[in-house]
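So the sequence shown is numbered by this note's numbering: it starts at 2 and just counts up by one.
Don't be surprised by glycine CBs; every beta carbon is placed ideally from N, CA and C.
A quick note: this is a predicted structure, and the numbers were derived from the prediction, not measured.
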Amino acid sequence: FIIKRYNRIINRAIIDKTCKRFLTKGRTDLKGLKSRLYDIKDKLNSKGLKAQFAAYKRLEAEALTLSKTIEAENQPMKRLIDTITIY
Numbered sequence: 002f003i004i005k006r007y008n009r010i011i012n013r014a015i016i017d018k019t020c021k022r023f024l025t026k027g028r029t030d031l032k033g034l035k036s037r038l039y040d041i042k043d044k045l046n047s048k049g050l051k052a053q054f055a056a057y058k059r060l061e062a063e064a065l066t067l068s069k070t071i072e073a074e075n076q077p078m079k080r081l082i083d084t085i086t087i088y
């Protein structure tokens, strides 16, 4: 019983550390996308419609790739979180 309790505390510490890392990395990645979006927005008047559309599509593809990468990176943690919340 004691081992389970301490193991739970250690697992919670691991989750806290991982969540903190996830948030800081996510903020950094989102800042990059946000700055690219503002760059595209600033260039709206200077480029043609097709160039604008292509730039937005590239940005959309990058956002989807980022989303899938983050999901894949954090999949093992989901099992740990689910296990801890059961107890």
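Residue interval of the alpha helix (DSSP H) (run including S47): Where S47 is concerned, there is no enclosing alpha helix (DSSP H), given that its DSSP letter is neither H nor E.
Quiz prompt | Same chain, Cβ closer than 8 angstroms to L38, neighbours up to 5 away in sequence not counted | solution = So the qualifying residues of the chain are L60.
If you draw a straight line from the alpha carbon of A14 to that of F23, how long is it in whole angstroms? Cα to Cα, the separation comes out at about 14 angstroms.
query: Out of curiosity, what's the CA-to-CA distance linking T19 and S36?
result: So the two alpha carbons sit approximately 26 angstroms from each other.
Query raised in the report: If we ignore side chains and look at the alpha-carbon of each, how far apart do K44 and T70 end up?
Result: One C-alpha to the other measures close to 29 angstroms.
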